[in-house]
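Residue numbers (this note's numbering): 28 to 280.
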């Protein structure tokens, strides 16, 4: 029996956003649901295999296209120049779109409102960390090579490229979308960060900084926040990462 025999994959439009819906073909009651966001230069289709693996464990997975990606006005090329132009806009828009998308999934696709989690790869990790921070009823967050601190990211990029990002990332807006602005809402919600220690796209220092800032809130149950480090790995998702993500969902969702 192949996965397609018991996993449904179909294109849907949610809050005007092209998405893939991936879920078991047979189930009873409401489904625990994972919203998973792709990274820069990627698309929902490129994460379909990951979603299929997760769906085999009984989860419904929603894969949205971020703006300027996939079926949503894709750019002709994805360069270091236009990432500075579009990245921040995409993050903000994706965070703002989530509420409407979630409401439509709730209305149309058997989602258990008490069992919602988020995951994201790279840029998608930034998006989901901000959504998680602003929605305290979401149960859990998993990031694959993402960033959970916008201020730290801005600081590192400014230093690395020797540029002033204030004209592209207004301080008040960064504060509004930075997960750490809402850190008091985190505990006891579980957070898993999966990251290669040789990542040249999203430095692991961002996640280490976030962990240092948030860990004191998790003193009563330290196992609910974890940074799982993969030695000598650059900006990739590995099978071990996927296995850890599934185990995390099985434990906490």
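All C-beta atoms, glycine included, are put in the ideal place defined by N, C-alpha and C.
>> Tell me the rounded alpha-carbon separation between residue 203 and residue 119.
In response: Their backbone Cα atoms lie some 10 Å apart in a straight line.
> Pairing CB atoms from the stretch 157-176 with CB atoms from the stretch 228-238, are three or more of them under 8 Å?
Replying inline: Yes, they touch.
> Within 10 angstroms of its Cβ, does residue 84 collect 16 or more other Cβ (buried), or is it exposed?
Replying inline: It counts as exposed.
> Just how far apart, CA to CA, sit residue 115 and residue 162?
Replying inline: Going from the Cα of residue 115 to the Cα of residue 162 covers about 20 Å.
>> Can you check which of these residues, 273, 260, 214 and 69, is closest to residue 151 by C-alpha distance?
In response: The candidate whose alpha carbon is nearest that of residue 151 is 69.
> Where does the unbroken alpha helix (DSSP H) through residue 131 begin, and where does it stop?
Replying inline: Taken as a continuous stretch (DSSP letters only), the alpha helix (DSSP H) holding residue 131 covers 107-135.
>> For residue 255, which residues in the same chain have their Cβ closer than 8 Å to its Cβ, ignoring the five residues on either side in sequence?
In response: 219, 220, 221, 222, 268 and 271, listed in sequence order.
> Three or more C-beta pairs closer than 8 Å, one from the stretch 122-137 and one from the stretch 179-196: is that the case here?
Replying inline: Not touching, per the Cβ criterion.
>> Excluding the 5 residues flanking residue 37 on each side, which residues of the same chain have their C-beta closer than 6 Å to its C-beta?
In response: 48, listed in sequence order.
> Per DSSP, residue 63 forms a beta bridge with which residues?
Replying inline: Answer by DSSP bridge pairing, in chain order: 146.
>> Excluding the 5 residues flanking residue 196 on each side, which residues of the same chain have their C-beta closer than 7 Å to its C-beta?
In response: A distance below 7 Å between beta-carbons, with the five flanking residues on each side excluded, links residue 196 to the following residues of its chain, in chain order: 115 and 181.
> Any idea what DSSP makes of residue 263, helix, strand or coil?
Replying inline: It is coil, neither helix nor strand.
> When the Cα of residue 63 is compared with those of 206, 122 and 231, which residue comes out closest?
Replying inline: Nearest C-alpha to residue 63: 122.
> Per DSSP, residue 99 forms a beta bridge with which residues?
Replying inline: Beta-bridge pairing by DSSP links residue 99 to 96.
> Is the beta carbon of residue 98 sitting closer than 9 Å to the one on residue 45?
Replying inline: Result yes, Cβ atoms of residue 98 and residue 45 sit closer than 9 Å.
>> I'd like to check one pair, residue 275 with residue 149: are the Cβ atoms closer than 9 Å?
In response: For the pair residue 149 and residue 275, the CB atoms are not nearer than the 9 Å cut-off.
> Mind pulling the alpha helix (DSSP H) runs of 4 or more residues that sit fully within the stretch 193-218?
Replying inline: Runs found: 198-204.
> Thinking C-alpha only, which one of 172, 214 and 92 is nearest residue 226?
Replying inline: Nearest to residue 226 by alpha-carbon distance, out of 172, 214 and 92, is 172.
>> Check for me: the beta strand (DSSP E) holding residue 253 runs from which residue to which?
In response: Note, residue 253: beta strand (DSSP E), 252-257.
> What are the partner residues of residue 222, as DSSP defines its beta bridges?
Replying inline: The secondary-structure analysis by DSSP pairs residue 222 across a beta bridge with 256.
> Would residue 147 be called buried (16 or more neighbouring beta carbons within 10 Å of its own) or exposed?
Replying inline: Burial call: buried.
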